[in-house]
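> So for the sequence shown, our numbering puts the first residue at 1; every next one is plus one. Pasting in a structure now, in structure tokens, and then I'll have a few things to ask.
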Amino acid sequence: MHKHNNLKKWLCGAAIVGGSCLYLSQHSEFLGKNNAKDEKVKTSNVPECVEDTYKLIGYSMTDAFKYGVINSISDYVERAPYKIDTVDFAGDFQNQVIEFGYYEERDGQKTVVLTHINPDTLSIPNASPRLKKMIVDFANYHNSKNERETILAHEFGHQATDPDKKIGASIHLSEKTPHSVFEYNMTAEEFALICNHDELRGRINGLLYKREQYKRYGTSSVFNGEYSFYGRALRDGKINPFSTDPKDIANEQLFCVKAMREQYEKEHIEHYEKYTIKRLNAEHILFDSKKEDEYNKALDQVYTFIWDGHLANLNFYSTGQLPELRLTDEEYAAAATKDARDSSTRNNEGQKPHAPSLYRPQTDNSR
Ligand SMILES: [Zn+2]
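So this is what it looks like as structure tokens:
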């Protein structure tokens with residue numbers, strides 16, 4: 001489950017403008033890697049079932065794009081299934097926390113859920129006409145296509161990094177994403193970082209959805225609320241999403257990640273603290289120091305986005321172009337505790353006699 005900013009923060013919609021220096025192109029290298037992968041698909045002996053490619057809608061946006069079933073984030077958002085929750089809102093702008101969307105297991109399947117806000121003016125008959133109008137305006141704003149689809153792009157961003165294995169089991173495609181980003185061999189601190197990078201991914205995917213809408217319809221008003229920094233950068237000429245110059249593209253990609261990251265650290269990270277610690281304690285797999293540390297692989301998966309008709313790797317952390325995220329003190333403490341506990345578990349296991357082998361006497365008479 002992924003909490004979004006509370007109502008108050010949502011209404012404030014503060015944003016930060018990141019720098020816009022020129023950096024070397026990131027995506028071209030990744031594109032090369034992908035082309036190599038595409039070659040493998042073509043020459044692979046594994047039979048590729050075309051019907052299975054359609055099952056990728058509802059499994060992973062990245063995979064659906066890789067197999068040509070969708071051509072953009074907007075395309076996926078329009079076609080992928082999700083559920084709707086309805087929340088009544090009677091004007092408690094100060095205290096009611098509304099989660100605008102989730103990605104969670106429901107009825108045995110991981111599902112994207114979108115919140116529909118019902119303007120509940122009936123339960124406050126004595127409210128002023130001004131308050132009632134504010135409630136209705138808020139609901140209309142949130143239930144609008146732009147807001148709904150931005151949240152959906154965010155949640156479908158989570159789905160691609162943590163796809164449902166039960167759905168995946170019926171998809172027989174060699175290039176299907178095999179597992180979640182939370183299953184890589186990582187230390188507890190790296191796991192806590194991935195939880196936060198994944199939230200950032202959701203937000204960036206929301207931004208890239210808006211960017212697609214802007215490029216398609218020319219409406220810079222889509223960059224509202226916490227995304228308004230992008231609209232300002234457009235107007236100031238800091239970025240040019242229509243440019244085909246690799247330097248401009250690299251500049252814009254870094255700008256998007258850097259600005260969203262700064263905003264996340266400043267305004268949102270603390271809202272995900274409980275979620276991160278809970279997930280760390282529930283799902284982090286004991287780090288195996290004898291095997292490769294796969295944190296950078298997890299980052300690559302988290303930061304793979306659909307960008308102007310190809311998959312782009314916006315992982316600027318492994319390349320050192322952006323400093324690592326700064327966790328909250330509580331998150332660092334929880335990760336340190338978990339790492340210490342895991343380390344003592346490993347040491348104890350090393351001293352113990354070997355665990356009983358899984359061999360069992362053969363009792364099957366059919367042989
Ligand atoms: Zn989220």
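For every residue, glycine included, the Cβ atom is placed at its ideal position computed from N, Cα and C. Keep in mind that this is a model prediction, so the values were computed, not measured.
What's the gap between the Cα of L325 and the Cα of C256?
In this model, L325 and C256 are separated by some 15 angstroms (Cα to Cα).
> Between F30 and L311, what straight-line distance do the alpha-carbon atoms span, to the nearest angstrom?
Low confidence applies here, because F30 scores a pLDDT of 30, under 50, leaving its location unreliable; read the following figure in that light. In a straight line, the C-alpha of F30 is about 8 angstroms away from that of L311.
> Is the region 147 to 165 touching the region 229 to 246, taking contact as three or more C-beta pairs under 8 angstroms?
no
> Does ligand 1 have even one heavy atom less than 7 angstroms from the beta-carbon of E199?
yes
> Can you tell me whether V69 is helix, strand or coil according to DSSP?
coil
> Helix, strand or coil: how does DSSP classify E262 here?
helix
> Would you tell me roughly how many angstroms separate the C-alpha atoms of N348 and D339, rounded to the nearest one?
14 angstroms
> If you measure from the CB of H116, is any heavy atom of ligand 1 nearer than 7 angstroms?
no
> Can you tell me the Cα-Cα spacing of F229 and M260, whole angstroms?
9 angstroms
> Of the choices S180, N140, L286, G168, whose alpha-carbon is the least far from that of S344?
L286
> Would V113 be called buried (16 or more neighbouring beta carbons within 10 Å of its own) or exposed?
The Cβ neighbour count for V113, taken over all protein chains shown within 10 Å, is at least 16; the residue is labelled buried.
> Hey, out of Q159, L327, N196, whose CA is closest to P178's CA?
Q159
> Compute the beta-carbon to beta-carbon distance between R211 and Y303, rounded to the nearest angstrom, for a pair I have assumed lies under 8 angstroms.
With a Cβ gap of about 16 angstroms, R211 and Y303 do not count as contacting.
> Considering only residues of the same chain and omitting the five flanking positions on each side of S123, which have a CB-CB separation below 6 angstroms?
Only A90 meet the Cβ criterion.
> Classify Y103 as helix, strand or coil using the three-state DSSP reduction.
strand
> Using a Cβ-Cβ cut-off of 8 angstroms (strictly less than) and excluding sequence neighbours within five positions of E294, which residues of its own chain qualify?
Y184, N185, M186
> Considering only DSSP beta bridges, list what Q109 is partnered with.
R106
> Given that a residue counts as buried once 16 or more other Cβ atoms are within 10 Å of its Cβ, and exposed if not, what is N315?
buried
> Please tell me whether Y209 and S60 are closer than 8 angstroms, where the distance is taken between their beta carbons.
no
> Measuring only the C-alpha atoms, how far is T62 from Q253?
18 angstroms
> Go ahead and pull the three-state DSSP assignment for T304.
strand
> In the structure shown, what three-state DSSP assignment does D75 receive?
helix
> What does a CB cutoff of less than 8 angstroms around I57 pick up in its chain, not counting 5 residues either side in sequence?
A64, V69, I70, Y76, R79, A80, P81
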